[in-house]
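Residue numbers (the numbering used here): 140 to 305.
All C-beta atoms in this analysis are idealised placements derived from N, C-alpha and C, irrespective of residue type, glycine included.
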Amino acid sequence: MEKTINTLDLNKFIGTVTLSDGVTVLNIPKLSVLKLIQIVKWLGVDGSKIYNQFQDLIEDESLDDLQKFATILEGLDEKQLVKLFSIALDLSPEETLNLDPNELLEILIVYADKLDLGKTYSLARELYKKIFRKELPNIKGALNSFVEKRMQAQQEVLRSPIAGEN
Numbered sequence: 140m141e142k143t144i145n146t147l148d149l150n151k152f153i154g155t156v157t158l159s160d161g162v163t164v165l166n167i168p169k170l171s172v173l174k175l176i177q178i179v180k181w182l183g184v185d186g187s188k189i190y191n192q193f194q195d196l197i198e199d200e201s202l203d204d205l206q207k208f209a210t211i212l213e214g215l216d217e218k219q220l221v222k223l224f225s226i227a228l229d230l231s232p233e234e235t236l237n238l239d240p241n242e243l244l245e246i247l248i249v250y251a252d253k254l255d256l257g258k259t260y261s262l263a264r265e266l267y268k269k270i271f272r273k274e275l276p277n278i279k280g281a282l283n284s285f286v287e288k289r290m291q292a293q294q295e296v297l298r299s300p301i302a303g304e305n
């Protein structure tokens, strides 16, 4: 029994981020089984509703990924966008929305540094598929495509002649 207790990881946090006020420290909680189930539930319920709401747009081949992404973001409520962060951080959507963008990036860096997010997402996709009998999109592929198209667009802007120059 003592051996089992000694192997338990009782530390509930994986890091900290000092907020922009310079005083407040936010403990970054581990992703627990409960949080992963809450995330999968959110994906299954709200995520499914969002997908159904934008399914025609997602399947529209006349639009590129960047246009689709921007249109979907425009149509979402802010609280929907931060719900996953709210679950992970044990904060309300309102508290999450009040975080400074740099604070949120620092939090993402802590998670990326301390967790195998690829494995976590793969396992979450597998669980989602078993629970809801649907496939979650391959976010890595979509993000890579988004970044690639964004970089191509930036390069095209840099290569194009500046208006008014001869």
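Would you kindly work out how many angstroms separate the C-alpha atoms of residue i and residue j, rounded to a whole number?
i    : j    : result
A251 : L230 : 19 Å
L256 : L247 : 10 Å
N166 : D204 : 35 Å
L244 : F224 : 11 Å
T259 : N150 : 19 Å
Q192 : Q291 : 29 Å
K268 : E274 : 5 Å
S261 : D199 : 26 Å
P168 : Q219 : 21 Å
Could you tell me whether the Cβ atoms of residue i and residue j are closer together than 8 Å?
i    : j    : result
K207 : L196 : yes
K174 : A209 : no
L254 : L170 : yes
I153 : V249 : yes
E217 : L236 : yes
V313 : T155 : Here the chain covers residues 140 to 305 and nothing more, so residue 313 does not appear.
Among residues of its own chain, excluding the 5 on either side of residue i, which ones have a beta-carbon nearer than 8 Å to its beta-carbon?
i    : result
I270 : V179, G183
S159 : D239, N241, E242
L222 : With the sequence shown as reference, residue 222 is identified as Lys, and Leu is not the correct amino acid for it. The answer, listed in chain order, is W181, D185, P232.
Tell me, please, which residues DSSP counts as bridged to residue i.
i    : result
V156 : L165
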